[in-house]
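Chemist:
2 protein chains.
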Amino acid sequence: MAYFDNAATTYPKPECVYQYMDKFYRECGGNAGRGNYEQAKSAGELIANTRSMIQDLLHCPTKQVVFEPTATIALNLIIQGNIERGAHNIYVSPFEHNAVTRVLHHFEKQEKIVVRQLTVGENLRYDMERIRYQFEEEKPDFVIVSHASNSFGVVALLEDIFALAKKYGARTLADMSQTAGLIDTNVGLETFDYAVFAGHKTLYGPTGISGFVMNPEADFPAVLFGGTGFESANQDMPESLPQKYEAGTLNIAGVAGLYAAIKWINETGLGIIWEKEQEHRAKLMEILSGYDFIHVVGADKDVPYVGIVSCLIDGISSDSAGNIFDEQGISVRTGLECAPLAHQFMNTYPAGTIRFSVSYFTSDKDFKELRRALDYIEDNL
Amino acid sequence: MAYFDNAATTYPKPECVYQYMDKFYRECGGNAGRGNYEQAKSAGELIANTRSMIQDLLHCPTKQVVFEPTATIALNLIIQGNIERGAHNIYVSPFEHNAVTRVLHHFEKQEKIVVRQLTVGENLRYDMERIRYQFEEEKPDFVIVSHASNSFGVVALLEDIFALAKKYGARTLADMSQTAGLIDTNVGLETFDYAVFAGHKTLYGPTGISGFVMNPEADFPAVLFGGTGFESANQDMPESLPQKYEAGTLNIAGVAGLYAAIKWINETGLGIIWEKEQEHRAKLMEILSGYDFIHVVGADKDVPYVGIVSCLIDGISSDSAGNIFDEQGISVRTGLECAPLAHQFMNTYPAGTIRFSVSYFTSDKDFKELRRALDYIEDNL
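Chain order of the listed sequences is A and B. For reference, each letter of the first sequence is one residue, going 1 to 381 in the UniProt record's numbering. For reference, each letter of the second sequence is one residue, going 1 to 381 in the UniProt record's numbering.
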């Protein structure tokens with residue numbers, strides 16, 4: 001199996017992630033933050049250290065790190081909480097995932113919010129003049145931008161958009177599910193209110209541990225309620241961070257894996273990982289462009305891309321192509337990849353695309369297998 | 001370290017849980033239900049098999065198994081969804097955890113619901129006559145019962161309470177966080193609408209994977225929204241189960257651990273595990289009763305108990321006692337254990353108790369260490 005579905009989850013993980021998860025969970029499987037004894041304390045230390053490593057990685061020492069089981073839950077809490085707090089005019093990029101758009105749709109149906117798309121040109125650049133005009137027309141309360149499209153890999157210039165949004169007093173949310181740990185980003189800027197990370201994607205950690213960093217001033221009402229091992233007598237959620245948004249038992253095995261993963265990123269160098277993934281993307285593009293029946297979608301503009309490439313194959317639906325690749329031992333993702341609005345924007349809706357995604361670990365063997373499979377498809381079309 | 005905090009999380013886990021988690025995640029770390037390729041399919045098979053093992057374990061072949069990252073999230077979805085659907089008169093046991101009571105408190109403050117406590121007598125038995133009278137006075141819409149108190153271990157007779165609740169047309173929710181996989185329970189009864197399980201407690205699985213089983217007729221609105229890898233074009237959550245309540249990437253390493261854990265329960269025998277834990281509880285009670293300065297709370301009634309024992313120590317606050325036990329290498333939980341209402345009911349509020357909790361794996365060495373620590377406290381009080 002040659003793995004080209006790293007945008008779903010990076011695979012394999014660094015060896016140290018598997019090892020440390022197993023070792024820590026065996027030796028310190030006590031319940032973090034829920035006891036006062038030695039083992040619970042070392043779990044507590046691991047959690048504190050992992051928070052501070054995330055602050056370092058994202059250059060945001062004064063922001064609060066909040067753990068959630070998934071980026072989807074993190075996005076739900078932030079978006080639902082801000083809508084409850086009164087956010088009404090919400091702007092989103094055209095590339096949002098269903099973890100954003102389905103949440104918004106729920107409140108749009110109830111007429112609690114109005115959702116508008118930020119203008120992106122055919123060159124896939126954000127049209128700052130038009131966006132300024134949009135903001136003048138309808139003042140933004142909340143601006144949500146996917147840092148990199150999970151379908152097409154195109155990277156947004158977060159800093160510019162958020163700086164503009166802040167001039168109009170909006171709160172800002174970056175969905176960094178496809179970029180945290182991969183694109184060096186100064187989340188410490190005052191213009192970033194929230195940035196969501198997915199532990200099991202570009203952070204190379206395990207599933208089950210994700211979260212967000214937040215400007216502590218950009219508080220919002222809790223959406224999920226429960227035990228925090230803290231102020232137990234209080235029937236309201238504690239107002240203190242991160243407890244207010246961390247009800248329930250933390251996935252300590254997951255945190256251990258994430259800790260090892262970020263340590264690996266630091267040791268390897270985020271810049272080196274980025275370059276390696278860019279090399280792998282270039283190699284992927286080179287291979288795909290060698291076949292006339294393959295048409296890469298939206299990957300030829302003068303903007304940055306992460307290692308995600310979407311394409312179409314002449315005469316074969318993306319779903320059938322998925323089956324063929326599967327038979328040929330190539331793992332790809334096909335269809336709308338949970339981002340139907342991005343496909344509407346790129347005119348690949350409703351059939352979707354065939355998505356290839358690479359990581360630091362994509363190997364020569366993977367690429368060789370991909371060539372072999374594409375040769376087979378070419379010969380048998 | 002002698003571990004007496006199994007009610008927070010069982011520790012250690014069966015060896016096969018560590019091994020299988022590591023092996024499966026290394027070999028099949030592809031993203032479950034999000035791709036069509038071989039590796040994603042074997043993750044998909046693991047998930048399907050684990051669902052069906054939970055159905056078998058809880059005797060509910062026609063109920064739907066839904067995975068959530070934590071029991072807290074499972075409880076939030078069910079309770080918030082049912083309140084949105086119109087549940088107004090809500091009855092709870094006196095033993096609910098903050099994962100239930102804090103959710104209810106949030107909606108009580110908004111005057112959307114009225115919460116009443118089911119009558120439990122001094123013998124810790126549910127007073128069915130009084131409860132019938134309560135239901136006559138104010139018809140129940142929703143009845144929530146913690147199967148076993150996480151603070152005092154006392155087990156509720158779910159079947160009787162739910163049968164009565166159903167006569168009044170209420171929906172029923174069992175919080176089985178402290179009992180799933182330990183107390184043989186026929187969740188297949190029509191009177192059970194929802195039963196929540198915590199993977200990392202009595203199921204002996206890892207943190208980060210929990211969920212609920214539900215009567216498929218007892219549908220409720222989704223509370224969290226996002227990608228399901230399914231009907232991606234639909235901006236509403238799919239109505240199909242379990243997708244409607246499973247937005248976001250499943251913790252596949254966690255599911256692998258839970259699979260191995262339930263397999264271990266089946267091979268060991270749930271009845272054997274129960275008996276062993278009861279033996280350990282008896283041993284714990286015997287040890288504690290040997291010291292005059294220790295007063296066990298609410299553990300002497302003619303009702304079943306799981307392996308949880310709460311006590312007080314003469315002249316020492318529960319928090320100080322926690323520190324002393326920690327210095328002596330004994331892990332216990334002290335205070336309100338996220339269940340302040342249970343402590344109000346048992347008259348141990350607000351200081352709380354010192355909670356010891358055993359598991360199948362509590363060893364002679366653990367008990368020996370406990371005796372040594374108690375002797376030390378006796379000599380140095």
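Glycine included, each C-beta is placed from N, C-alpha and C at the ideal position.
From A/Tyr126 to A/Leu157, what does the alpha carbon distance come to, in whole angstroms?
Modeler: Locating residue 126 of chain A in the first sequence gives position 126, where the first residue counts as 1. Locating residue 157 of chain A in the first sequence gives position 157, where the first residue counts as 1. Going by the C-alpha atoms only, they are around 8 Å apart.
Chemist: Report the neighbours of A/Cys311 on chain B: residues whose CB is nearer than 7 Å to its CB, in chain order.
Modeler: Here residue 311 of chain A refers to the residue found at position 311 when the first sequence is read from its first residue. The premise fails here: A/Cys311 is roughly 16 Å from chain B at the closest Cβ pair, so nothing lies under 7 Å.
Chemist: Below 8 Å CB to CB, which residues in the same chain sit around A/Val297 once its five sequence neighbours on both sides are set aside?
Modeler: The count along the first sequence starts at 1 and reaches residue 297 of chain A at position 297. For A/Val297, where only same-chain residues beyond five positions count, the Cβ hits under 8 Å are Phe152, Ser310, Cys311, Leu312, Met346, Thr348, Thr353.
Chemist: Helix, strand or coil for residue 395 of chain A? Go by DSSP, reduced to three states.
Modeler: The question about residue 395 of chain A has no answer here: the residues shown for chain A are numbered 1 through 381.
Chemist: Taking only the alpha-carbon atoms, compute the straight-line gap between B/Phe162 and B/Glu84 and give it to the nearest angstrom.
Modeler: Position 162 of the second sequence, counting from 1, holds the residue named residue 162 of chain B. Position 84 of the second sequence, counting from 1, holds the residue named residue 84 of chain B. Approximately 22 Å between the Cα atoms of the pair.
Chemist: So if DSSP puts B/Gln64 in a beta bridge, which residue, or which two residues, is it bridged to?
Modeler: As a working mapping, residue 64 of chain B is identified with position 64 in the second sequence. B/Gln64 is bridged to B/Met214.
Chemist: Thinking B/Glu369 and B/Ile330 are a contact (beta carbons under 8 Å), I'd like their distance in whole angstroms, please.
Modeler: Working through the second sequence from its first residue, we reach residue 369 of chain B at position 369. Working through the second sequence from its first residue, we reach residue 330 of chain B at position 330. Indeed, because the Cβ distance is near 6 Å, the residues count as touching under 8 Å.
Chemist: Can you pull the chain B residues whose beta carbon is under 8 Å from the beta carbon of A/Arg102, in chain order?
Modeler: Indexing the first sequence from 1 puts residue 102 of chain A at position 102. Ordered by position in chain B, the residues that pass the 8 Å Cβ test against A/Arg102 are Phe225, Gly226, Gly227, Gln235, Asp236, Met237, Ala247.
Chemist: In chain B, which residues lie less than 8 Å from A/Pro350 when you measure between Cβ atoms?
Modeler: The residue given as residue 350 of chain A occupies position 350 in the first sequence. In chain order: Ala233.
Chemist: If contact means a Cβ-Cβ distance below 8 Å, which residues of the region 3-16 of chain B contact chain A?
Modeler: Within the region 3-16 of chain B, the residues whose Cβ lies closer than 8 Å to some Cβ of chain A are Tyr3, Asp5, Ala8, Thr9, Tyr11, Pro12, Lys13, listed in chain order.
Chemist: Is there a Cβ from chain A that is less than 9 Å from the Cβ of B/Ala198?
Modeler: Here residue 198 of chain B corresponds to residue number 198 of the second sequence, with the count starting at 1. Output row for B/Ala198: interface = yes.
Chemist: I need the straight-line Cα distance from B/Trp274 to A/Ala174, nearest angstrom please.
Modeler: Along the second sequence, one-based indexing puts residue 274 of chain B at 274. Along the first sequence, one-based indexing puts residue 174 of chain A at 174. The straight-line gap from Cα to Cα measures roughly 48 Å.
Chemist: Using Cβ-Cβ distances below 8 Å, what residues of the region 336-348 of chain A are close to chain B?
Modeler: The residues in question are Leu336, Glu337, Cys338, Ala339, Pro340.
Chemist: In this structure, how does DSSP classify A/Gly335 when only helix, strand and coil are distinguished?
Modeler: On the first sequence, position 335 is the one that residue 335 of chain A refers to. A/Gly335 falls in the strand class under three-state DSSP.
Chemist: Nearest to B/Phe220 by CA position, among B/Gly226, B/Gln235, B/Lys244, is which residue?
Modeler: Your numbering for residue 220 of chain B matches position 220 in the second sequence. B/Phe220 has its Cα closest to that of B/Lys244, out of B/Gly226, B/Gln235, B/Lys244.
Chemist: From what residue to what residue does the beta strand (DSSP E) around B/Ser357 run?
Modeler: Stepping through the second sequence from its first residue, residue 357 of chain B is reached at position 357. Run containing B/Ser357: 353-357, per the beta strand (DSSP E) assignment.
Chemist: Tell me which same chain residues have a C-beta within less than 6 Å of the C-beta of B/Leu124, skipping the five on either side of it?
Modeler: Within the second sequence, the letter at position 124 stands for residue 124 of chain B. Same-chain partners within the cutoff: Val154, Lys301, Val303.
Chemist: What do you get for A/Pro340, buried or exposed, if any count of 16 or more other CB atoms within 10 angstroms of its CB means buried?
Modeler: As a first step, residue 340 of chain A is located in the first sequence; it is residue number 340 there, counting from the start. Buried, by the Cβ-count rule.
Chemist: Inspect the beta-carbon positions of A/Ala261 and A/Pro14 and report whether they are closer than 9 Å.
Modeler: The sequence position of residue 261 of chain A within the first sequence is 261, counting from 1. The sequence position of residue 14 of chain A within the first sequence is 14, counting from 1. Yes; because the gap between Cβ atoms is below 9 Å, this pair is in contact.
Chemist: What are the residues in the region 118-146 of chain A lying within 8 Å of chain B by C-beta distance?
Modeler: Answer set for the region 118-146 of chain A: empty.
Chemist: What does the alpha-carbon distance come out to for the pair A/Val66 and A/Tyr291?
Modeler: For this step, residue 66 of chain A is matched to residue 66 along the first sequence. For this step, residue 291 of chain A is matched to residue 291 along the first sequence. Their backbone Cα atoms lie some 45 Å apart in a straight line.
Chemist: Starting from residue 462 of chain B, find everything on chain A with Cβ-Cβ shorter than 8 Å and list it in chain order.
Modeler: There is simply no residue 462 of chain B to check, as chain B begins at 1 and stops at 381 in what is shown.
Chemist: Who are the near neighbours of B/Ala351 in its chain, counting only those whose CB is closer than 7 Å to its CB and skipping five residues on each side?
Modeler: What you label residue 351 of chain B is simply residue 351 of the second sequence in a count that begins at 1. Once the five neighbours on either side are set aside, the close Cβ partners of B/Ala351 are Ser317, Ser318.
Chemist: Determine, using beta carbons only, whether A/Phe24 and A/Ala256 come nearer to each other than 9 Å.
Modeler: What you label residue 24 of chain A is simply residue 24 of the first sequence in a count that begins at 1. What you label residue 256 of chain A is simply residue 256 of the first sequence in a count that begins at 1. Yes; because the gap between Cβ atoms is below 9 Å, this pair is in contact.
Chemist: Could you name the residues of the region 275-293 of chain B whose beta carbon sits closer than 9 Å to any beta carbon of chain A, in the order they occur along the chain?
Modeler: Correct list: empty, as no residue qualifies.
Chemist: Decide if the region 40-51 of chain B is in contact with the region 270-290 of chain B; the criterion is three or more beta carbon pairs, one per stretch, under 8 Å apart.
Modeler: No, because fewer than three Cβ pairs between the region 40-51 of chain B and the region 270-290 of chain B fall closer than 8 Å, the two stretches do not touch.
Chemist: Between the C-alpha atoms of B/Tyr37 and A/Asp326, what's the straight-line distance to the nearest angstrom?
Modeler: Along the second sequence, one-based indexing puts residue 37 of chain B at 37. Along the first sequence, one-based indexing puts residue 326 of chain A at 326. For B/Tyr37 and A/Asp326, the distance between alpha carbons rounds to 5 Å.
Chemist: Below 8 Å, how does it come out for the region 353-367 of chain A and the region 110-124 of chain A: are there three or more Cβ pairs, yes or no?
Modeler: Judged by Cβ distances under 8 Å, the region 353-367 of chain A makes no contact with the region 110-124 of chain A, as fewer than three pairs qualify.
Chemist: Let me see if you follow: with CB-CB separation under 9 Å, is A/Phe325 close to chain B or not?
Modeler: Here residue 325 of chain A refers to the residue found at position 325 of the first sequence. Output row for A/Phe325: interface = yes.
Chemist: Which whole-angstrom value describes the C-beta separation of B/Val115 and B/Ile90, a residue pair presumed to lie in contact below a C-beta threshold of 8 Å?
Modeler: One-based indexing of the second sequence puts residue 115 of chain B at position 115. One-based indexing of the second sequence puts residue 90 of chain B at position 90. Indeed, because the Cβ distance is near 5 Å, the residues count as touching under 8 Å.
Chemist: For B/Ile183, would you say it is in contact with chain A, using Cβ-to-Cβ distances shorter than 9 Å as the test?
Modeler: Residue numbering aside, residue 183 of chain B sits at position 183 when the second sequence is read from its first letter. Judged by the 9 Å Cβ criterion, B/Ile183 is not in contact with chain A.
Chemist: Under 7 Å Cβ to Cβ from B/Ala8, same chain only, skipping five residues before and after it: list those, please.
Modeler: In the second sequence, counting from the first residue as 1, residue 8 of chain B sits at position 8. Closer than 7 Å at Cβ, skipping near neighbours: Arg333.
Chemist: So with Cβ pairs under 9 Å, would you call B/Ala48 a contact of chain E?
Modeler: Checking the listed chains, one finds no chain E in this structure; the protein chains it contains are A and B.
Chemist: Compare the C-alpha of B/Ile73 against each of A/Ser289, A/Gly248, A/Cys16 and name the closest.
Modeler: In the second sequence, the residue the question calls residue 73 of chain B occupies position 73. Per the Cα distances, A/Gly248.
Chemist: Give the residues from the region 353-373 of chain B that approach chain A closer than 9 Å (Cβ to any Cβ), ordered along the chain.
Modeler: Residues passing the 9 Å Cβ filter: none.
Chemist: Which of the three DSSP states, helix, strand or coil, is assigned to B/Phe162?
Modeler: On the second sequence, position 162 is the one that residue 162 of chain B refers to. In the structure shown, B/Phe162 sits in a helix (DSSP, three-state: H, G or I).
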